[in-house]
């Protein structure tokens with residue numbers, strides 16, 4: 001500081017100091033790199049449960065049924081149930097999928113990582129039929145699930161107890177573990 005205050009060094013003139021700056025412009029490249037931000041849910045994701053009861057199941061004529069929308073981890077979800085099966089389970093199995101609802105509301109490049117278990121309830125808990133999965137949901141994979149969760153012959157068998165009073169009960173336990181988003 002002493003050398004700055006000393007007038008013979010040339011920093012001060014008439015008790016004034018003049019500063020200058022050189023501005024350099026940098027051209028922006030023609031491509032733009034996207035970076036990713038992975039957000040893990042903390043505290044560790046808690047399990048959320050949604051239960052869907054389909055009344056008068058034997059009278060269903062639609063090829064696909066959609067549950068009401070439910071929200072877990074800031075994501076809106078729904079279940080898709082195919083009473084006569086879908087894909088490899090067509091005609092032989094009940095098919096059920098968990099799907100992101102209204103994916104258009106997400107920014108480009110979004111992904112959601114979730115663990116879930118879908119269960120077809122029985123009157124006897126030992127006969128409950130369930131499938132577990134963990135997956136990345138994104139624009140190219142809005143839904144994940146089980147095309148052959150339970151044989152149709154087992155589903156309608158009264159001894160198995162899946163259709164109590166002609167009602168089918170489906171339960172999903174879901175934990176959103178993390179989200180991935182892109183930004184420029």
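Numbering (full-length UniProt numbering), first residue to last: 1 to 184. Using N, Cα and C, we set each Cβ at its ideal position, and we do this for glycine too. This one's a predicted model, so the numbers in the text were calculated from it and none came from an experiment.
Proximity to residue i [Cα-Cα], best of the options
| i | options | result |
| --- | --- | --- |
| residue 15 | 6, 22, 106 and 23 | 6 |
| residue 65 | 119, 75, 72 and 54 | 54 |
| residue 162 | 73, 126 and 178 | 126 |
| residue 106 | 171, 22, 181 and 21 | 181 |
| residue 153 | 137, 109 and 91 | 91 |
| residue 155 | 134, 129, 140 and 74 | 129 |
| residue 177 | 136, 57, 24 and 49 | 136 |
Anticipated Cβ contact below 8 Å, residue i with residue j, distance rounded
| i | j | result |
| --- | --- | --- |
| residue 174 | residue 93 | Not a contact, Cβ separation roughly 22 Å. |
| residue 57 | residue 166 | 6 Å |
Own chain, CB closer than 7 Å to residue i, minus 5 neighbours either side, in chain order
| i | result |
| --- | --- |
| residue 67 | 52, 78 and 79 |
Under the three-state DSSP convention, the category residue i falls into
| i | result |
| --- | --- |
| residue 69 | coil |
| residue 3 | helix |
| residue 8 | helix |
| residue 24 | coil |
Same chain only: Cβ atoms within 6 Å of residue i, ignoring 5 sequence neighbours per side
| i | result |
| --- | --- |
| residue 76 | 69, 101 and 102 |
| residue 147 | 86, 87, 88, 89 and 95 |
| residue 164 | 123 |
Neighbourhood of residue i by C-beta, 8 Å cutoff - its chain only, sequence neighbours within 5 removed
| i | result |
| --- | --- |
| residue 71 | 77 |
For residue i: DSSP bridge partner residues
| i | result |
| --- | --- |
| residue 134 | 115 |
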